[in-house]
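Engineer: One gets this note's numbering by counting positions in the sequence shown from 1 and adding 68 to each.
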Amino acid sequence: MEQALPQGEGPERPYRIAVFASGSGSNFQALLDSAQSGRLGAQIALLVSDKPQAKAVERARAAGVPVFTFAPKDYESREAYEREILGELAKAKIDLIVLAGYMRLITDVLVEPYAGRMINIHPSLLPSFPGKDAAGQAVEHGVRLSGATVHFVDGGMDTGPIIAQRAVEVTADDTAIELQLRIQEQERLLYPEVVSWFAAGRVKLEGRRVLLF
Numbered sequence: 069m070e071q072a073l074p075q076g077e078g079p080e081r082p083y084r085i086a087v088f089a090s091g092s093g094s095n096f097q098a099l100l101d102s103a104q105s106g107r108l109g110a111q112i113a114l115l116v117s118d119k120p121q122a123k124a125v126e127r128a129r130a131a132g133v134p135v136f137t138f139a140p141k142d143y144e145s146r147e148a149y150e151r152e153i154l155g156e157l158a159k160a161k162i163d164l165i166v167l168a169g170y171m172r173l174i175t176d177v178l179v180e181p182y183a184g185r186m187i188n189i190h191p192s193l194l195p196s197f198p199g200k201d202a203a204g205q206a207v208e209h210g211v212r213l214s215g216a217t218v219h220f221v222d223g224g225m226d227t228g229p230i231i232a233q234r235a236v237e238v239t240a241d242d243t244a245i246e247l248q249l250r251i252q253e254q255e256r257l258l259y260p261e262v263v264s265w266f267a268a269g270r271v272k273l274e275g276r277r278v279l280l281f
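(1) In or out: ILE245 buried (at least 16 other Cβ within 10 Å) or exposed?
(2) Can you list, in chain order, the residues of its chain whose CB lies under 6 Å from that of GLY204, leaving out five sequence neighbours each side?
(3) From ARG303 to LEU273, what distance separates their C-alpha atoms?
(4) With a cut-off of 8 Å, do at least 3 Cβ pairs link the segment 205-217 to the segment 249-267?
(5) To the nearest whole angstrom, what separates the beta carbons of ALA160 and LEU114, a pair I think is in contact under 8 Å?
(6) When we look at the beta-carbon of ALA72 and count the other beta-carbons within 10 Å, is it buried (16 or more) or exposed?
(7) For a minimum of 3 consecutive residues, which ranges assigned as the beta strand (DSSP E) are wholly contained in the segment 212-269?
(8) With distance defined between alpha-carbon atoms, name the residue in GLY223, GLU208, GLY275, SER196 nearest to ALA240.
(9) Going along the chain, which unbroken runs of the alpha helix (DSSP H) with 4 or more residues stay wholly within the segment 140-219?
(10) With 16 other CB atoms within 10 Å as the buried threshold, where does ARG277 fall?
(11) Assuming PHE220 and GLY184 are in contact, meaning their beta carbons sit under 8 Å apart, how far apart are those beta carbons, in whole angstroms?
(12) On the three-state DSSP scale, how would you describe PHE281?
(13) What residues are listed by DSSP as bridge partners for ARG107?
(14) Within the same chain, show all residues whose beta-carbon is closer than 8 Å to that of PRO198, passing over the 5 residues directly before and after it, in chain order.
(15) How long is the line joining the alpha carbons of GLN121 and LEU247, rounded to whole angstroms?
(16) CA-CA distance, ALA86 and GLU152?
(17) Looking at C-beta atoms only, is the number of pairs between the segment 135-147 and the segment 94-111 that lie closer than 8 Å three or more?
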């Protein structure tokens, strides 16, 4: 199945992204910096966070980015708060969801409407070391290379089609924290670049194959 991915609708319609974040928002800040410099080619139209006190929320408000926060415990189910998020995304006319340290599993309530329009960044060279503590897994297994992967979200645990990767060398004396910090440096370079490809209409998804042009 070939899937053309959306672009902005004419010169007055910027490509609009929503960033989901739960923590410090370092990748969100990288995206924000890229947007403000014009390199991103997209407008950050919404920040979504399950942690109202998160640093990412503070960063967004300081930059004038609209914010939607929620407390999961206030909802009867994950699907319930995702339906509310879906409404916020529709109101903001979001073209692409960008997960940037969002620490909640996502259900079909969001995955299906945004199939091919939701991406995530993971601190390993997928399919190696999915899930939590990817840097720790890499160190424990003694691999020579790890890195960062940007991939589509398909409802599985880091199983979606791979869009781009950037390698990071693992040294013999690396700790998980040291490796994680070096991977994060590459994430902050890679993620804005990939988002800019979407904004420029350079990404096409054919089954599990991602074509860049």
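Just so it is clear, CB atoms sit at the ideal spot from N, CA and C, and this is done for glycine as well. Every value quoted in this text rests on a predicted model; they were computed, and no experiment measured them.
Structural biologist: Walking through what the data contain:
(1) Walking along the sequence shown from the start, residue 245 turns up at place 177. ILE245 is classed as exposed because its beta carbon has fewer than 16 other beta carbons within 10 Å across all chains shown.
(2) Counting from 1 along the sequence shown, the entry for residue 204 is found at position 136. Closer than 6 Å at Cβ, skipping near neighbours: ALA244.
(3) The structure shown has nothing for residue 303, since the chain only spans 69 to 281.
(4) Verdict: yes, contact present.
(5) Walking along the sequence shown from the start, residue 160 turns up at place 92. Walking along the sequence shown from the start, residue 114 turns up at place 46. The Cβ separation is near 5 Å, so the contact holds.
(6) Within the sequence shown, the letter at position 4 stands for residue 72. With a pLDDT of 43 at ALA72, under the threshold of 50, the modelled position of this residue cannot be trusted; read the value that follows with caution. Within 10 angstroms of the beta-carbon of ALA72 lie fewer than 16 other beta-carbons, which makes it exposed.
(7) If we require 3 residues or more, the beta strand (DSSP E) runs fully inside the segment 212-269 come out as 213-220, 230-237.
(8) Mapped onto the sequence shown, residue 240 falls at position 172. It is GLU208.
(9) List check, alpha helix (DSSP H) in window: 146-159, 176-179, 202-209.
(10) Here residue 277 is taken as the residue at index 209 of the sequence shown, counted from 1. By the neighbour-count rule (16 or more Cβ atoms within 10 Å), ARG277 is not buried but exposed.
(11) Here residue 220 corresponds to residue number 152 of the sequence shown, with the count starting at 1. Here residue 184 corresponds to residue number 116 of the sequence shown, with the count starting at 1. Right, the Cβ-Cβ distance comes to about 7 Å (below 8 Å), so this counts as a contact.
(12) Taking the sequence shown and counting its residues from 1, the one referred to as residue 281 is at position 213. Correct three-state label for PHE281: coil.
(13) Mapped onto the sequence shown, residue 107 falls at position 39. None, per the DSSP bridge assignment.
(14) Position 130 of the sequence shown, counting from 1, holds the residue named residue 198. HIS190, SER192, MET225, ASP226, THR227, listed in sequence order.
(15) Locating residue 121 in the sequence shown gives position 53, where the first residue counts as 1. Locating residue 247 in the sequence shown gives position 179, where the first residue counts as 1. One C-alpha to the other measures close to 27 Å.
(16) The residue you call residue 86 lines up with position 18 of the sequence shown. The residue you call residue 152 lines up with position 84 of the sequence shown. Near 14 Å, if we compare the C-alpha coordinates of GLU152 and ALA86.
(17) Look at the beta carbons and you see the segment 135-147 not touching the segment 94-111: under three pairs across the two are nearer than 8 Å.
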